[in-house]
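> Whatever position you read off the sequence shown (first residue = 1), add 59 for this note's numbering.
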Amino acid sequence: MSGFDRLAKPYRWMEYLSFGTALEHCRFHFLPQLRNTQHALLLGDGDGRFTAALLQEAKAADAFAIDASEAMLHTLRKRCDAVGAELRLQTLRTPLNRGLPEAVADKRFDLIATHFFLDCLNDAEVESIAHDAATCTTPDARWVISEFRVPNHGVMRLPSRLIVRMLYVAFRVLTGLRAQQLPAYGVILQRNGWHMQQQQTRLGGLLVSELWQRVNNANAVKSIKSELQ
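Laid out in structure tokens, this is it:
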């Protein structure tokens, strides 16, 4: 049983009590740009608010949702059923700390979504997912991300650091979460052939929404890697 199972029912209200609708706005920020999605891969979408909203927005899309928590997947399926999208949804319960499962290896997704999920992983685990994503995405695939972050400057730098630290402590107690710091996912995605197209921050930089594009050009990937060195 996943440590997140016990949070499936109260998760939405815990989120609202802590941050109001700010996290929800992060998840939905790029939805209007995703209406042409055909095949979406949702990793750790929790109670499924984004999955259901995406399937409503992108009428021709199907979705493959993966989570380690069966209770979260149950809630996700109920949300998709409520909007009449159950026939366009597949789910799989499996941990993602060792990369993507073989079940998606022969698929070609044009969208990956990770909302407040990468922060549950360490750098090596994010690297595994980013590496595997190259084998199951289309050449022009997009990756939409919502995350916590600690801004490099500004009045929210120290408060953000404290908030993130408190969240890690809370989730370690409630779920047994092993990760204890935010992964450097931006550098990892760039190293694996993704380029950030757009970014929107909220709460003084504590929250960020990002839209990444897969780079389908060997020279472009080489250029990005050289910039990181």
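Each residue gets a CB set at the ideal place from its N, CA and C atoms; glycine is no exception.
Taking all protein chains shown into account, do 16 or more other C-beta atoms lie within 10 angstroms of the C-beta of Trp72, making it buried, or fewer, making it exposed?
For the purposes of this step, residue 72 is taken as residue 13 along the sequence shown, with counting starting at 1. Exposed, since its Cβ has fewer than 16 Cβ neighbours within 10 Å.
> Leaving aside the five residues before and after Ser282 along the sequence, list all residues of the same chain whose C-beta is less than 7 Å from its C-beta, in chain order.
Taking the sequence shown and counting its residues from 1, one reaches residue 282 at position 223. Any reading at Ser282 must be qualified, since the residue scores a pLDDT of 45, below 50, and its modelled position is unreliable; the value itself is stated next. Excluding positions up to five away in sequence, the list is empty.
> At what residues does the beta strand (DSSP E) containing Gln259 begin and finish?
The residue given as residue 259 occupies position 200 in the sequence shown. 253-261 is the span of the beta strand (DSSP E), which, as asked, contains Gln259.
> The alpha helix (DSSP H) that contains Leu148, what's its start and end?
The residue you call residue 148 lines up with position 89 of the sequence shown. Here Leu148 belongs to no alpha helix (DSSP H); instead the beta strand (DSSP E) covers 148-152.
> Which one of Cys85, Phe78, Leu113, Thr194 has the shortest CA to CA distance from Phe168?
Position 109 of the sequence shown, counted from the first residue, corresponds to residue 168. That would be Thr194, whose Cα lies nearest to the Cα of Phe168.
> Using the three-state DSSP reduction, which class does Asn278 fall into: helix, strand or coil?
For the purposes of this step, residue 278 is taken as residue 219 along the sequence shown, with counting starting at 1. With a pLDDT of only 43 at Asn278, under 50, the local geometry of the prediction cannot be trusted, and no value is derived from it.
> Nearest by alpha-carbon distance to Glu269: which of Glu83, Glu74, Phe89 is it?
Against the sequence shown, residue 269 aligns to sequence position 210. Residue Phe89 is the option with its Cα nearest to Glu269.
> With a threshold of 7 Å on Cβ separation, who are the neighbours of Val223 within its own chain once the five nearest residues in sequence on each side are excluded?
Sequence index remark: in the sequence shown, residue 223 carries index 164 (1-based). Cβ neighbours of Val223 beyond the five flanking positions: Phe207, Val209, Leu241.
> Determine contact between the region 157-171 and the region 214-231, defined as no fewer than three beta-carbon pairs at a distance below 8 Å.
Contact between the region 157-171 and the region 214-231 is absent, because fewer than three Cβ pairs lie under 8 Å.
> Got a sec, what are the start and stop residues for the alpha helix (DSSP H) Pro218 sits in?
For the purposes of this step, residue 218 is taken as the residue at position 159 of the sequence shown. Here the alpha helix (DSSP H) through Pro218 covers 216-234.
> Could you please give the first and the last residue of the uninterrupted alpha helix (DSSP H) stretch that includes Ala141?
As a first step, residue 141 is located in the sequence shown; it is residue number 82 there, counting from the start. Its alpha helix (DSSP H) spans residues 129-141.
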